[in-house]
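Have a look at the structure below, then the notes.
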Amino acid sequence: MTMFRIFGLYALYFVTFVRVMRILIIGRVTERIWLEDMPNPNRIYNLLQDIYIVRAFREYRMEEDLFAKLVFLMRSRELVIKFTREPENTYSPEIIWVKQQRTAK
Numbered sequence: 001m002t003m004f005r006i007f008g009l010y011a012l013y014f015v016t017f018v019r020v021m022r023i024l025i026i027g028r029v030t031e032r033i034w035l036e037d038m039p040n041p042n043r044i045y046n047l048l049q050d051i052y053i054v055r056a057f058r059e060y061r062m063e064e065d066l067f068a069k070l071v072f073l074m075r076s077r078e079l080v081i082k083f084t085r086e087p088e089n090t091y092s093p094e095i096i097w098v099k100q101q102r103t104a105k
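With the UniProt record's numbering applied, the sequence shown corresponds to residues 1 to 105, in that order.
This is how it looks when you write it as structure tokens:
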């Protein structure tokens, strides 16, 4: 029984050592990448500014809603990336070509 305890203790030390070495060597790259790869962080910045403005006007219910939106966004990396995407270009050559074909008939 004591053999399993010693083995478990060594395993715990080994796992902890490997994690610390990984953080020291690689760093926390995976935790930073999604923050650095945001296409357009202005939307999140505007949301933060809205929270400050609403707080200044003491609109606490609206502040709570905006803050809940911010927390909901920051929980999901994929959602943050989707939320901060650049607005899509409305120019579409296919649509123009189809409209020209319809008017030509």
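The beta-carbon is built from N, C-alpha and C at its ideal position, and this holds for glycine as well. The model shown is predicted, which means the values in this text are computed figures rather than measured ones.
Threonine 16 has its alpha-carbon roughly 10 angstroms from the corresponding atom of arginine 22.
Within a 10 Å sphere around the beta-carbon of valine 18 sit fewer than 16 other beta-carbons, which makes this residue exposed.
Under the three-state reduction of DSSP, aspartate 37 is assigned to coil, being neither helix nor strand.
DSSP, reduced to helix, strand and coil, places threonine 2 within a helical segment of the structure shown. Here threonine 84 carries a coil assignment [DSSP, helix/strand/coil].
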